[in-house]
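All remarks here apply to the structure that follows.
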Amino acid sequence: MNHNNYQSCVAVAGSNPSIIKDESLCVECGHCLAVCSEEIGVAGKRIAPAGSETENACINCGQCSAACPEQSLQVKSEIDDVRAAIRDPEKIVVFSTSPSVRVGIGDAFLDQAGAYAEGKMVAAIKTLGADYVFDVTFSADLTIIEEGCELIKRILTGSAPLPQFTSCCPAWVKFVETYYPQIIPHLSSAKSPIGMQGATIKTYFAAKQALSPRHIVTVNVTPCTAKKAEIRRPELNDAGKLLGEPSMRDNDYVITTKELAQWMQQEQIDFAALPDMDFDSVLGKGSGAGVIFGNTGGVMEAALRMAYQSLTGNPPPDKLLEFQPVRGLEGVKEASAEIGDTTVKVAVIYGTANAARFLEGDISGYHFVEVMTCPGGCISGAGQPQMHTIPVTNDIRLSRIRSMYAEDARMTLRNSVDNPEIQQVYQEFYKEPLGELSEKLLHTTYYRR
Ligand code: SF4
Ligand code: SF4
Ligand code: SF4
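In terms of this note's numbering, the sequence shown opens at residue 3 and continues consecutively.
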């Protein structure tokens with residue numbers, strides 16, 4: 003079937019880096035349009051001429067593809083490019099895996115949805131030919147340090163407007179740039195975790211290992227289709243700018259959990275039989291705060307742990323190690339936390355349609371607001387496997403969320419500031435949060451679209 007009925011389905015520009023559409027498979031069921039309009043708040047937001055919706059209007063979240071029962075909408079694959087890099091003897095291929103991949107990958111191979119499969123995931127990527135496998139929970143901790151220090155600075159000095167909004171979800175960032183540019187000064191300037199990871203790999207790690215950054219290929223495995231667009235943002239070449247090679251990208255490829263599972267199936271890797279393997283070091287160790295980044299409310303909880311310790315000098319109390327008001331599957335949650343002399347008022351939102359409603363209300367009085375585009379956070383990113391149901395159910399989302407919180411509770415290292423690898427990278431390289439080098443490599447800028 004070839005048609006252009008944009009009354010019933012989303013339009014996808016050929017230049018969209020995240021999703022592709024096979025018109026011949028579309029049955030005009032309307033599921034994609036409903037998600038894009040009702041949950042993401044994009045379809046219908048900017049009226050484009052029929053059949054010519056611009057790539058600019060799409061925020062690349064991929065949730066339309068996750069809702070498509072006919073495989074008409076699919077994630078754009080980068081597996082072949084990564085395979086080519088692995089075959090190239092000159093290239094050093096460095097993988098980094100986002101927190102949610104380890105609770106999503108098992109859905110494709112194991113019986114139990116949400117199984118915590120970190121060790122097998124690392125082993126699988128090594129089997130596929132990675133030279134190094136690092137953990138994005140490391141740079142989730144780095145993000146919390148930089149973003150938390152920025153928040154404290156805003157609160158104590160008024161250096162920028164409050165509330166501060168999180169910036170780790172690239173679909174949310176593009177939503178603000180496109181539809182609410184007046185909010186740009188409220189976005190944290192901290193890059194997303196993979197943005198920090200790529201820049202750190204091509205500078206600090208390359209120098210430490212005496213590797214040529216030109217030969218390093220950074221591959222991020224994420225639950226996220228929007229990160230395929232994020233890594234192609236022109237300004238995200240900070241390692242190259244620092245090293246005098248501005249054509250070098252901080253990150254080269256993003257493949258989703260689903261692409262990783264497909265690649266493993268093509269190579270006939272028996273996931274369940276793989277031994278557990280550890281991440282490489284450095285950039286391979288995260289705290290529990292970094293692990294829960296994938297859950298809605300996880301970034302907020304991680305930031306409050308960090309802020310408490312930084313402002314009071316004491317470890318966070320039990321209440322902040324399991325801060326129930328920001329947990330769970332409600333689309334908008336609000337809470338207050340006593341930190342030193344300040345009552346910090348926060349909100350946690352998922353679904354950019356919910357965020358739009360929040361922005362259209364009175365946002366004064368809040369200090370920090372977390373926004374994730376996907377339902378339940380990154381654990382339900384459009385790049386997660388969907389072996390059980392389309393669309394994914396709340397039961398499956400909750401099983402992934404519980405799996406992350408259980409791992410956090412099991413860990414002794416639960417605060418980003420206590421991560422010894424983070425302390426090492428500041429000591430040896432960045433020197434201090436919000437310092438000159440940190441600002442160059444770990445922070446970024448946004449623009450009105
Ligand atoms: S990727 Fe997201 S914003 Fe773009 S069309 Fe699909 S649901 Fe809408
Ligand atoms: S969800 Fe898939 S099949 Fe249904 S209208 Fe959208 S593209 Fe077509
Ligand atoms: S919530 Fe997570 S997976 Fe979804 S678009 Fe944002 S960063 Fe990507």
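Yeah, the Cβ is synthetic: ideal placement off N, Cα and C, and Gly gets one too.
On a predicted model such as this, the values are computed, not experimentally measured, just so you know.
Going by DSSP in three states, residue i sits in which element: helix, strand or coil?
i: Ile392; result: coil
i: Gln76; result: strand
i: Asn239; result: coil
i: Val328; result: helix
i: Lys210; result: helix
i: Thr375; result: coil
i: Val12; result: coil
i: Leu35; result: helix
i: Leu276; result: coil
i: Leu323; result: helix
i: Glu41; result: helix
i: Arg156; result: helix
i: Glu438; result: helix
i: Ile107; result: coil
i: Lys128; result: helix
i: Glu149; result: helix
How many Å lie between residue i and residue j at the Cα?
i: Tyr449; j: Gln270; result: 44 Å
i: Leu439; j: Ala132; result: 29 Å
i: Ser100; j: Ala357; result: 24 Å
i: Val96; j: Tyr255; result: 10 Å
i: Phe177; j: Lys321; result: 33 Å
i: Thr259; j: Cys226; result: 8 Å
i: Gln426; j: Glu41; result: 41 Å
i: Phe295; j: Ser366; result: 25 Å
i: Leu75; j: His33; result: 11 Å
i: Ala87; j: Lys93; result: 6 Å
i: Gln326; j: Ser169; result: 23 Å
i: Trp265; j: Ile21; result: 18 Å
i: Asn18; j: Ile257; result: 15 Å
i: Asn253; j: Phe360; result: 32 Å
i: Gly333; j: Gly299; result: 10 Å
i: Leu416; j: Asp137; result: The identity of residue 416 in the sequence shown is Arg, whereas the question assumes Leu. Using only the alpha carbons, I get a separation of about 16 Å.
i: Glu324; j: Thr145; result: 20 Å
i: Leu400; j: Gly378; result: 8 Å
i: Asp278; j: Ile127; result: 12 Å
i: Asp343; j: Cys28; result: 57 Å
i: Arg402; j: Ala125; result: 21 Å
i: Glu441; j: Val350; result: 26 Å
i: Gly197; j: Asp240; result: 10 Å
Name the DSSP beta bridge partners of residue i, please?
i: Phe370; result: Gln166 and Val348
i: His445; result: Ala192
i: Glu335; result: The displayed chain sequence assigns Lys, not Glu, to residue 335. DSSP output for Lys335 lists Val350 as bridge partner(s).
i: Ser98; result: Phe136 and Asn222
i: Val256; result: Asn222
i: Leu23; result: Residue 23 is actually Lys in this sequence, not Leu. Per DSSP, Leu75.
i: Ile341; result: Thr344
Shorter than 6 Å, the distance from the beta carbon of residue i to the closest heavy atom of ligand 2, or not?
i: Val75; result: Correcting the residue identity first, residue 75 is Leu in this sequence and not Val. Yes - ligand 2 has a heavy atom lying nearer than 6 Å to the Cβ of Leu75.
i: Pro25; result: Here residue 25 is Glu; the residue named in the question, Pro, does not match the sequence. Glu25 Cβ: outside cutoff for every heavy atom of ligand 2.
i: Glu72; result: yes
i: Glu30; result: yes
i: Cys38; result: no
i: His217; result: no
i: Cys34; result: yes
Write down the C-beta distance between residue i and residue j rounded to the nearest angstrom, noting that I regard them as a contact closer than 8 Å.
i: Ala173; j: Thr345; result: 31 Å between Cβ atoms; not a contact.
i: Ala162; j: Gln388; result: In fact, because the Cβ distance is near 39 Å, the residues do not count as touching under 8 Å.
i: Gln166; j: Phe370; result: 5 Å
i: Glu237; j: Ser190; result: Not quite, the Cβ-Cβ distance comes to about 16 Å (not below 8 Å), so this is no contact.
Does ligand 3 have a heavy atom nearer than 6 Å to the CB of residue i?
i: Thr375; result: yes
i: Gly383; result: yes
i: Pro393; result: no
i: Ala173; result: yes
i: Ala228; result: yes
i: Cys151; result: no
i: Pro387; result: no
i: Pro225; result: yes
Looking at residue i and ligand 1, is the gap between the Cβ and the nearest heavy atom below 6 Å?
i: Val44; result: yes
i: Val12; result: yes
i: Gly64; result: yes
i: Ile154; result: no
i: Ile61; result: yes
i: Cys170; result: no
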